[in-house]
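In our numbering, the protein residues as written are 634 to 936. C-beta: ideal position from N, C-alpha, C; glycine also. Below: the structure, in structure tokens.
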């Protein structure tokens, strides 16, 4: 009798578990998402697909990686994707932080023209050149331990300039003005990162924005945030550029009231499993008590 109940328990737990696995398998998960499905966020703007994001990143790369022609080369200026320009003099920027992080580094000539000794020294210092900007300037990840040696490379005129990435390089000027005037409004944004973020960096982003999807192909996070939070996000050193989604005014109330499909599914399955497990426990107890009662009756009959 007990064996029959155990079979019932096993099948009751197995069937909803299989159904849950099949449903999860059928749910479209966005590549690289933070354990969330590919859903349309409650925005009035344009939601870009992964393919569209890759094409947009390619357009950005074409801008950043365009060849510096000698007749257009102006080593005193650097132009960023945000259309912000800085005028620089050779040396280390006065406001440089000297901490491990992301910086702008510029050479006197194209990287291919830099002598092998200098390139080997850069590699030895664990300086990572991440992406070309223009006029022989790159985004670079520099460890704190490298700055003493960087001073020497600058003095020897192997490196022309090293400085912090200005905040204006991360957000277009027109968008900045709108954020100042609408600091509490919600916007759909794509936050481009320099490289694959760490878990702590993703958590830091999620504290300031609602993340809808994440791509580890082109390193961007798509979601929504208030004007104030977008400014705070731009101050994170691992953030490269923040792009506003067209007409992306987001209702925070709608955002708070809606659960993702995967959350609803998990809640339903959890409730079902809890019900079935509770039912099985009751059946086992019932069978045990019934068997115990029969034994007691049998014992009384023998006496």
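Annotated three-state conformation of residue 851 is coil, per DSSP. For residue 814, the enclosing alpha helix (DSSP H) begins and ends at 806-814. Between residue 733 and residue 777, the C-beta spacing is below 7 Å. In this structure, DSSP gives residue 865 a helical state, which the three-state scheme calls helix. Rounded to the nearest angstrom, the gap between the Cα atoms of residue 767 and residue 812 is 28 Å. By the C-beta criterion, the region 811-831 is judged to be in contact with the region 858-867, since at least 3 inter-stretch pairs fall below 8 Å.
Taking C-alpha positions only, residue 743 is separated from residue 730 by approximately 26 Å. Under the three-pair Cβ rule at 8 Å, the region 792-808 counts as touching the region 712-727. In the three-state scheme derived from DSSP, where H, G and I count as helix and E and B as strand, residue 842 is classed as coil.
Between residue 801 and residue 717, the C-beta spacing is below 7 Å. In this chain, residue 818 is not harboured by any beta strand (DSSP E), its DSSP state being neither H nor E. Per DSSP, reduced to three states, the secondary structure at residue 742 is coil, with no helix or strand assignment. Looking at the backbone, the Cα of residue 747 and that of residue 737 are separated by about 17 Å. Residue 769 and residue 845 have their C-alpha atoms some 36 Å from each other. With 16 or more other Cβ atoms inside 10 Å of its own Cβ, residue 856 counts as buried. The beta carbon of residue 759 lies closer than 6 Å to those of 776 in the same chain, with the five residues before and after it left out. Taking 7 Å as the cut-off, the Cβ atoms of residue 711 and residue 874 do not count as close. Taking each of 831, 809, 779 in turn and checking the Cα distance to residue 859, the smallest one comes out for 809. The beta carbon of residue 876 lies closer than 6 Å to those of 823 in the same chain, with the five residues before and after it left out.
Secondary structure note for residue 747: it is in no beta strand (DSSP E), with a DSSP letter that is neither H nor E. Collapsing the DSSP output to three states places residue 877 in a strand. Residue 762 sits close to residue 773, with the two beta carbons spaced by under 7 Å. Boundaries of the alpha helix (DSSP H) around residue 783: 780-788. In the structure shown, residue 764 falls within a strand segment according to DSSP collapsed to helix, strand and coil.
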